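Sequential numbering from 13 applies to the sequence shown in this note's numbering. Note that beta-carbon positions come from the ideal geometry of N, C-alpha and C, so glycine has one too. This one's a predicted model, so the numbers in the text were calculated from it and none came from an experiment. Remarks on the structure that follows.
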Amino acid sequence: MPRINEHYRHLKASYLFAEIRRRTKAFTDANPGVALINLGIGDVTEPLPAAVVKALHDAADEMAQAKTFKGYGPYVGYEFLLADIAGHDFATRGVRVGLDEIFVSDGGKSDSANLQEIFATDCVVAVMDPVYPVYADSNVVAGRTGPADDSGRYAGLVYLPCTAENDFQPALPDRHVDLIYLCYPNNPTGAIATRETLARWIAYAHEHDATILYDAAYEAYITDPALPHSIYELDGAREVAIECRSFSKNAGFTGMRLAYVVVPTEACGRNTAGERVSLNALWQRRVSTKSNGAPYVIQKAAAATYTPDGKKQVRVLIDFYMENARTIADGLAAAGLTVYGGRNAPYVWIRTPNGASSWDFFDTVLSRAHVVGVPGSGFGPSGEGYFRLSAFGSHEHARDAVERISTRL
Ligand code: MLT
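Here it is in structure tokens:
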């Protein structure tokens with residue numbers, strides 16, 4: 013029998029959202045008549061924008077004709093979509109991104125899990141704590157950490173605590189790190205990065221020859237016009253930052269799967285001889301080795317989000333979910349809970365009352381209010397004592413969840 017990758021055994025028994033699904037199923041199996049409201053995993057609930065649906069139909073028709081049929085596409089994405097991304101997501105904000113710097117993929121989750129592969133296994137990795145669990149888990153299985161301790165901290169990872177005490181803005185690492193995962197607007201706390209915040213990180217990365225893996229999956233939810241949407245809006249970022257974006261949360265593509273990574277040509281790592289190596293070239297090699305690109309029909313659908321109609325329809329979706337975020341944040345604050353986020357992000361981050369642990373509060377909210385949320389500790393040890401509700405759902409569910417949590421706990 014072959015030996016397994018032992019690093020997998022360091023992971024917690026199940027992935028956070030799989031564990032929530034397991035507990036939720038156990039509850040509904042035991043209480044079959046109960047109508048749950050699911051504000052757990054941040055999964056969109058509204059249908060796709062009309063412009064996207066039309067593009068899907070049109071692309072399907074193209075696939076039905078010999079003349080317009082498409083087989084394997086470019087590894088990195090079709091040029092029509094690369095041009096839309098460069099033009100609409102970056103040029104409109106004064107940012108220059110070349111088409112050869114954009115890599116379209118089948119999802120932000122896989123991108124954020126895979127990027128670590130082009131770096132050495134002895135790189136020291138820093139993660140915001142709490143944060144999307146994929147960053148830590150992918151480094152665990154790559155062998156960059158040891159096992160987790162009782163608080164869930166993996167040996168060898170550098171945790172950057174984000175709590176109410178520091179306004180959910182982590183201090184710079186007090187040691188050298190090579191890779192820094194930042195996520196803004198933040199999942200799960202809803203914290204945002206100002207230009208000053210990003211400038212500090214970019215300066216640190218230059219000083220330490222580090223690379224920032226910047227996850228901007230929720231940038232469309234930024235409402236404050238003073239906030240940067242891309243790390244490349246800051247000087248010096250192109251040399252030290254890789255940015256991930258996704259169509260999941262803005263255009264409702266969680267079931268369609270489409271995202272992209274920007275790797276600027278200036279971004280470099282170092283080989284064992286100490287020579288500079290282009291990260292763009294490495295990522296290009298990785299993508300062409302492991303992927304045959306994202307489906308044509310889905311890329312056409314994504315391109316439709318950049319048309320005038322598509323843009324308006326995507327904005328309607330974002331406004332819809334942000335109304336839920338306000339309903340949840342304001343409603344729970346009025347009920348006496350301490351809440352954060354929900355202003356520039358589709359997540360509301362709640363202090364658990366009376367010092368309850370995150371999982372205890374999860375169980376209480378599930379069993380009494382019949383609402384599914386996410387225990388903060390699932391996002392990292394500093395999430396202990398917090399609980400996340402997602403704004404993805406109907407207005408009715410957002411209102412009812414607030415009413416149930418306010419009256420039934
Ligand atoms: C979340 O709920 O944190 C995210 O939706 C999970 C994901 O994007 O994979």
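query                                                                                                        : result
Beta-carbon proximity list for residue 168, same chain, < 7 Å, skipping 5 on both sides                      : 156, 157 and 158
C-beta contact flag for residue 312 and residue 63 at 7 Å                                                    : no
Same chain, Cβ closer than 6 Å to residue 266, five either side skipped, listed in chain order               : 55, 56 and 260
Span separating the alpha-carbon of residue 193 from that of residue 251                                     : 16 Å
Among 188, 143 and 197, nearest to residue 174 - alpha-carbon criterion                                      : 143
C-alpha gap between residue 418 and residue 346, whole angstroms                                             : 9 Å
Where residue 40 sits in the DSSP three-state scheme                                                         : helix
Proximity test, residue 356 beta-carbon vs ligand 1 heavy atom, cut-off 6 Å                                  : no
Per DSSP, cross-strand counterpart(s) of residue 386                                                         : 400
Near ligand 1: residue 53 beta-carbon under 6 Å from a heavy atom                                            : yes
Closer than 6 Å: residue 199 CB and nearest ligand 1 heavy atom                                              : yes
Neighbour-count burial assignment, residue 207, 16 or more Cβ in a 10 Å radius                               : exposed
Where residue 122 sits in the DSSP three-state scheme                                                        : helix
Residue 68 and residue 152 closer than 7 Å at C-beta                                                         : no
Beta-carbon proximity of residue 191 to residue 137, cut-off 7 Å                                             : yes
Residue range of the beta strand (DSSP E) that includes residue 7                                            : This structure cannot speak to residue 7, because the chain is shown only from 13 to 421.
Residue 7 vs residue 263 beta-carbon contact at 7 Å                                                          : Since the displayed the chain opens at 13 and closes at 421, residue 7 lies outside it and no answer follows.
Contact test: residue 323 Cβ vs ligand 1 heavy atom, cutoff 6 Å                                              : no
Simplified DSSP assignment, three categories, for residue 333                                                : helix
Residue 502 CB to nearest heavy atom of ligand 1 below 6 Å                                                   : This structure does not reach residue 502, given that the chain is present from 13 up to 421, and the question cannot be answered.
Length-filtered (4 minimum) alpha helix (DSSP H) runs lying within the stretch 118-182                       : 120-126 and 145-153
Completely contained alpha helix (DSSP H) runs for the stretch 323-377, where each covers 4 or more residues : 370-376
Residues near residue 13 by beta carbon distance below 7 Å, same chain, minus five either side               : none
Beta-carbon gap between residue 52 and residue 386 smaller than 7 Å                                          : yes
Residue 205 versus residue 212 - alpha carbon distance                                                       : 11 Å
Residue 125 beta carbon less than 7 Å from that of residue 150                                               : yes
Residue 58 versus residue 409 - alpha carbon distance                                                        : 13 Å
Span of the beta strand (DSSP E) around residue 288                                                          : 288-290
Close Cβ partners of residue 17 (< 6 Å) along its chain, the five nearest in sequence each way excluded      : none
Those residues which DSSP pairs with residue 227 across a bridge                                             : 195 and 256
Residues that DSSP places opposite residue 285 in a beta bridge                                              : Paired residue(s): none; residue 285 is not in a bridge.
Residue 325 versus residue 224 - alpha carbon distance                                                       : 32 Å
Under 7 Å between C-beta atoms of residue 35 and residue 241                                                 : no
Contact between the stretch 113-121 and the stretch 82-90 (3+ Cβ pairs under 8 Å)                            : yes
C-beta contact flag for residue 305 and residue 291 at 7 Å                                                   : no
Same chain only: Cβ atoms within 7 Å of residue 406, ignoring 5 sequence neighbours per side                 : 57
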